Every structure is written in structure tokens, then in C-alpha cells.
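Accompanying notes for the structure given below.
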RNA sequence: GGCCUAGUAGCUCAACUGGAUAGAGCAGCUGCCUUCUAAGCAGCAGGUUUCAGGUUCGAGUCCUGACUGGGUCACCA
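Numbering (our numbering), first residue to last: 316 to 907.
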């Protein structure tokens with residue numbers, strides 16, 4: 316099905332062919348909604364056609380206008396302002412277009428394609444709790460997966476757990492030293508937070524010891540490396556790599572605490588993964604790939620035994636792939652993980668949702684895989700999102716305690732939703748469970764929308780002092796518009812409705828025009844990997860609906876024909892709001 | 001320093017990928033609830049789109065150069 320701007324583009328192409336015998340590229344034809352300070356519904360920009368018409372702007376516009384009004388009865392009249400041809404549509408055409416939309420099942424979604432996508436998101440380290448940056452990652456990843464699914468891709472959502480290395484050893488070490496055998500259960504603390512606390516504890520002790528060494532005259536770098544606790548952590552890492560049983564057992568125990576904690580947060584956020592990958596399991600495979608590349612001469616070994624790849628011809632640097640002691644690095648692990656994934660899914664595309672500070676890493680990763688002639692190399696796409704900053708440009712760092720903990724933020728948002736909702740006093744008849752569900756929906760809706768309305772690649776600022784609004788351009792605003800549509804549906808009592816032709820008001824036309832382009836919006840969002848296009852569309856639609864709702868009577872003071880049409884329009888708006896917000900992973904309540 | 005990236009109202013974000021007089025929300029000020037939910041609606045005020053050139057019918061958008069911020073260039077992940 317074509318939307319109205321597409322229909323107009325086609326018609327314009329016909330006009331150009333008929334009038335000037337010219338085939339013009341479709342992307343030269345620009346059709347937009349007429350700006351509200353001018354008369355008309357849609358506007359064609361005629362400047363690009365002047366070369367083919369060989370006439371001045373006014374004449375060209377007039378000829379096209381004449382042709383269109385004569386050929387298409389739906390176009391009632393036209394007007395020309397400068398180089399812009401404004402078309403006025405017959406209401407009947409818009410009503411018919413709306414009818415078509417109403418009858419569509421799964422409006423906005425496309426048929427299944429035969430293309431598989433693996434989308435990796437979240438990617439936490441197992442030594443610290445999830446923070447706001449992870450939340451952005453998860454929101455962008457989850458929404459993008461839904462959007463790709465909506466346009467027909469088969470999407471596999473996967474997670475990568477960075478479960479090995481020196482960092483987790485730090486938490487393990489301080490737990491051994493200071494925890495006296497306590498556990499998340501015994502302390503009643505979420506597992507990831509529990510382990511995270513010992514990571515912070517390590518940083519504290521390390522700082523003290525470093526400072527002590529500094530007073531003895533060591534330089535800062537040496538002091539950090541020679542601090543006893545740092546040495547112990549390194550020793551522990553060596554034991555882990557050597558497969559020491561006790562170390563592995565401790566590692567497993569603490570990681571499991573963390574995973575249990577993560578699971579809780581995933582569940583609250585409503586995200587899920589089809590499969591988990593663990594670096595501890597893929598790094599060996601990565602090493603094997605490196606060994607093969609070494610044999611084929613693609614990589615080379617330095618005197619100290621470390622393995623490198625030279626990417627200077629491609630404008631990049633030399634990159635290390637294996638340390639001199641034979642242990643693997645970040646890149647090695649990602650090579651292994653990619654291979655493992657291809658074995659599992661035979662995907663056409665791999666999307667990595669990872670912060671933009673990793674841009675260089677992914678360039679290198681893809682280039683190496685291309686040089687290795689891996690079939691999945693070209694399908695790699697790094698969906699880079701900007702870092703979340705605190706006001707004043709401060710960065711969030713776990714170690715320095717300047718991060719916003721994901722769970723704290725969720726609690727805070729739900730609490731805020733509760734306070735504001737109770738203030739309004741509209742849900743006194745709800746049960747406690749219903750109330751709890753609603754507060755969760757509103758609090759999370761606000762947070763998710765706050766993140767998703769911003770273009771992923773842009774840095775965003777979050778001020779923990781100010782919290783997230785519930786009024787204006789927010790999640791609850793859209794939820795509220797939906798709730799209004801649902802109240803109307805309850806009043807309608809499920810009666811089926813026949814749509815008849817009526818005279819359209821301005822705010823009704825606006826809604827039809829918005830509904831008309833919803834599928835195109837999803838398609839653009841999928842093409843650009845940009846959920847914010849869906850978020851902003853939902854806001855526009857909600858805003859237009861609120862205006863419609865305020866301007867026009869629906870149930871009372873209308874004749875049957877008008878009432879039926881407005882009810883049907885409201886139902887369709889509700890359905891599309893629900894569809895769009897579901898793509899974003901935001902729930903909509905029936906009442907609020 | 002090299003490369004990458006961004007700079008739009010006091011603040012947080014838009015701008016259909018080059019189209020008309022740059023739009024929303026928050027914060028500030030006015031109005032609107034005895035008729036469908038005021039988490040709403042209408043209005044006022046707020047801009048030399050960092051700056052300087054260029055490309056063209058037309059530039060917030062493309063090019064060049066500055067300025068400012070961020071990222072990256074680890075035998076960390």
C-alpha cells in the first residue's frame with residue numbers, strides 16, 4: 316500500500332512524463348505536508364524540474380498543477396507560492412485512505428524477509444552493577460531489534476558477558492579478604508551490587524597503598540603497579556588462566572551472583588536475550604583464529620612472542636592480537652565470538668550495540684575479519700550510541716562513584732510515578748496490584764521514552780538531581796493520550812462501525828495524514844537503526860490526538876455519522892500508539 | 001599531535017536526509033475543568049543554528065578553514 320506522499324510522487328512523475336516527456340528520478344521529487352501557514356494539504360517542490368521543463372518556476376508549477384487537478388479527481392485545486400505547488404485534496408479521498416488503513420491488519424509491519432540479523436546488546440562486565448549507560452544500550456538495542464523485526468528481518472538478540480580478566484579478579488580478591496564469607500543472600504543485597512561493592516572496595520585499598528608508595532618516592536605508574544593488592548590481583552588472574560580449581564570455583568560463584576542480579580534488572584526493564592555468549596568461552600576460539608592467521612602470514616610475531624596485525628596500509632595502526640605471554644586481548648575474544656555466532660545463526664547481518672568510544676575497535680574488528688575472508692565480515696554494523704553524561708560534561712564512572720545505578724534510577728522513577736499519580740487521585744478504585752503495575756508502567760515509560768527520543772548517536776545529558784519529567788514531551792504524555800482513546804472505546808462498547816463520508820475538520824485531517832505515514836516511519840527507523848524516529852512520531856501523533864480531543868466533541872453533541880467516524884479515528888490512533896510504543900518496549904496502561 | 005565526532009532558545013531535544021517565516025517540551029508569564037480523564041488545550045516571551053568563507057534558485061543540513069567540547073590512537077576490557 317502506498318502512502319499519500321508516494322501517490323503524489325508517482326502522479327508527479329506521470330505529469331512530468333506527459334508534459335515534458337522526461338523521466339525524472341523519484342528521489343528528485345520532494346513531497347511534503349503543506350506547512351500550516353499556507354493553504355493546502357501536500358506540497359510539491361517544483362525547483363528541481365526546471366531543467367527538464369525549460370520554463371520558469373511559475374509556469375512549470377501551473378502546468379503540473381493543471382495536469383494533476385485534471386487527471387486526479389482527488390486533487391480539488393492547487394495554489395502556487397513561489398516555487399511550491401500546494402495541492403488541496405478532497406475530503407473523500409482522505410476518508411477513503413483512512414478506511415484502507417483501518418482495515419489493515421498489523422498496519423505498519425511488513426512481511427517476513429529471508430534475512431537473519433544477530434543483534435548484540437547490553438554487554439556488561441561481571442564485576443559491576445548496571446548503570447545508566449547500560450540502560451541506554453539496552454533500550455536502543457531492544458527497540459532496534461523490534462523495529463527490524465517489524466520490517467521483516469528475523470532478529471536474534473544476544474548478549475555478551477565480559478566475565479573474565481583482571482577486573483573480576485579484583486572483586487574476587489577483596490571479597491576473599493574482607494567479606495568474611497557473607498553472600499548476597501546473607502546480606503539481602505542484589506548480587507551484582509554486592510560484587511560491585513567489592514570492586515569499589517578494591518579501588519579504595521589500591522588508592523591507599525598507591526599513595527603510601529608515592530610518599531616513598533616511587534613514580535605514579537610504578538606505585539600503582541607495585542601496590543601489594545594489585546600484585547595479588549595479577550597473581551589471581553594468572554591462577555585463573557592456569558585453571559586453578561579454587562580460583563575457578565570462586566569465580567563461578569561470584570559470577571552467578573552477578574547474573575542473578577542482572578536477570579532481575581533485565582526483567583524489570585523488559586529486555587531479553589535469545590542467547591548469552593561468554594568471553595571466558597570464546598577467547599580460546601579467538602586464539603585459534605589468530606593461530607591460523609599467523610600461519611597464513613596475515614599476522615606476524617614479534618621477538619617477544621606477541622602477535623600483531625599490520626593495518627597501516629588501510630590507514631589504521633598495528634594492532635596486538637596476543638600478548639607476549641600468549642594470553643588473549645579484547646580483540647581476540649571478539650574474533651572468537653563472531654565466529655561462534657556465525658556457527659549458531661548463519662546471519663546475514665551482525666549488529667553490535669556498543670558505545671561510540673569503541674568506534675575504532677569495531678573498524679579494526681571488521682577489517683581483520685574481512686582480511687580473513689569471513690563470510691560474515693561485510694555484514695557487521697556497529698550501532699554506536701553516544702555516552703550519557705552528567706551536567707557539566709562529567710562522565711559516569713563506576714570506580715569513581717559518579718554513575719547512576721540502573722536499579723536506583725528505576726526505583727526513583729516508579730516512586731515518582733506513584734507520587735504524581737496519587738496526587739491526581741484518578742485511580743482510587745484500583746487494587747494494590749493494579750496500582751503497582753501502573754506505577755511501574757508510568758515510571759519506566761518515562762525513563763525509556765526519555766532515552767529513546769534522542770537520536771542514538773548523539774551524546775545525551777542526564778541530570779540525576781532533576782529526575783525525569785512526567786509532563787510535556789514525555790512517555791506519560793503518550794500513555795495519557797492512549798488512555799483517552801481507551802476510555803472512548805469503553806464508551807463505544809465494542810460496536811462495529813460503518814465509516815461514512817463526512818466533512819473533515821483540520822485536526823481530523825492531521826491525524827489521518829500522520830496515520831498514513833506510520834509504515835514509512837518504521838521503515839526509515841529500521842533503515843537508519845534509529846528508534847528515535849518512532850518515538851518522535853508517537854509524540855506527534857499523541858499531540859495531534861490531544862488537540863483533536865480538545866477541539867472536537869466525540870460522544871456528545873455529534874450526529875451518528877460524525878460520532879462513528881471520530882470513534883473509529885480514535886480507535887486507530889490508539890492502535891498505532893500501542894504499536895509504536897510496543898516497538899520501543901514501552902507499555903501503555905488502560906487507565907491512569 | 002593524527003584520525004573520528006559533535007556544536008540549534010536559559011535547559012533537554014526536533015527539523016521528513018538541500019526546500020517556504022528553524023519546531024517541541026521544561027523553566028517564566030496569561031487564559032481554559034457543573035458536558036467524552038486538565039499527566040491536557042490555547043496563548044505570550046525566548047534564535048545572527050559557534051564563527052568566517054564557498055557551492056546554488058535555495059544551506060541548520062554539503063565543501064574549506066578556524067574556535068570549543070567529546071572520543072580514540074594500551075601487552076585494559
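Just so it is clear, CB atoms sit at the ideal spot from N, CA and C, and this is done for glycine as well.
Nothing here was measured: the structure is a model prediction, and the numbers come from that model.
Problem - Nearest to residue 566 (by Cα), restricted to the options 863, 480, 803, 757 - result: 480
Handout entry: Three-state secondary structure (DSSP) of residue 664
Key = strand
Exercise for the section: Report the three-state DSSP secondary structure of residue 762 (helix, strand or coil). Expected result: helix
Handout entry: Straight-line gap, residue 595 to residue 478 (C-alpha atoms, nearest Å)
Key = 6 Å
Problem - Straight-line Cα distance separating residue 898 from residue 460 - result: 9 Å
Handout entry: Bridge partner(s) assigned by DSSP for residue 748
Key = Answer is none; residue 748 lacks a bridge partner.
Exercise for the section: Pick helix, strand or coil for residue 676, following the three-state DSSP scheme. Expected result: helix
Handout entry: Neighbourhood of residue 670 by C-beta, 8 Å cutoff - its chain only, sequence neighbours within 5 removed
Key = 448, 452, 699, 700, 701, 702
Problem - Residue environment, residue 771, which counts as buried when at least 16 other CB atoms sit within 10 Å - result: buried
Problem - Spatial neighbours of residue 403 in its chain, beta-carbon cut-off 8 Å, leaving aside the 5 residues before and after - result: 354, 355, 356, 390, 391, 392, 393, 394
Exercise for the section: Run through the segment 592–672 for me and flag every whole beta strand (DSSP E) of 3 or more residues, listed as ranges in chain order. Expected result: 622–625, 633–637, 664–670
Problem - Short Cβ contact (8 Å threshold) for residue 476 with residue 581 - result: no
Exercise for the section: Keeping to the same chain, check which residues put their C-beta closer than 8 Å to that of residue 571; ignore five residues upstream and five downstream. Expected result: 506
Exercise for the section: Compare the Cα-Cα distances from residue 584 to each of 823, 729, 794, 319 and report the closest residue. Expected result: 729
Handout entry: residue 853 versus 822, 755, 767, 666, residue with shortest Cα-Cα distance
Key = 767
Practice task
Note down the Cα distance separating residue 361 from residue 348, rounded to an integer number of angstroms.
Solution key: 14 Å
Exercise for the section: Tell whether a beta-carbon distance below 8 Å holds between residue 863 and residue 894. Expected result: no
Problem - For residue 719, the three-state DSSP class (helix, strand or coil) - result: coil
Problem - Endpoints, beta strand (DSSP E) assigned at residue 589 - result: No beta strand (DSSP E) holds residue 589; DSSP gives it neither H nor E.
Problem - DSSP state of residue 782 mapped onto helix, strand, coil - result: coil
Handout entry: Classification of residue 662 by the beta-carbon crowding that lies within 10 angstroms, buried from 16 upward
Key = buried
Handout entry: For residue 901 and residue 465, the rounded distance between their alpha carbons
Key = 16 Å
Practice task
Quickly, what does DSSP pair residue 695 with across the bridge? List them, please.
Solution key: 665
Problem - Inter-residue Cα distance where the pair is residue 446 and residue 731 - result: 19 Å
Practice task
Report the residue from 738, 640, 487, 649 whose alpha carbon sits nearest the alpha carbon of residue 561.
Solution key: 487
Exercise for the section: Return yes when at least one heavy atom of the ligand PLP lies under 7 Å from the C-beta of residue 731, else no. Expected result: Within the structure as shown, the ligand PLP is missing, as the structure has no ligands at all.
Practice task
Helix, strand or coil for residue 446, going by three-state DSSP, please let me know.
Solution key: strand
Handout entry: Per-residue burial, residue 658 [other beta carbons within 10 Å of its own, 16 or more giving buried]
Key = exposed
Handout entry: Sufficient close CB pairs (3 or more, under 8 Å) joining the segment 664–683 to the segment 414–424
Key = no
Exercise for the section: Check the DSSP bridge columns for residue 547 and list the partner residues they point to. Expected result: Answer is none; residue 547 lacks a bridge partner.
Exercise for the section: Please go through the same chain and pick out, in chain order, the residues whose beta-carbon is closer than 6 Å to the beta-carbon of residue 335, but skip the five residues on each side of it. Expected result: 367, 368
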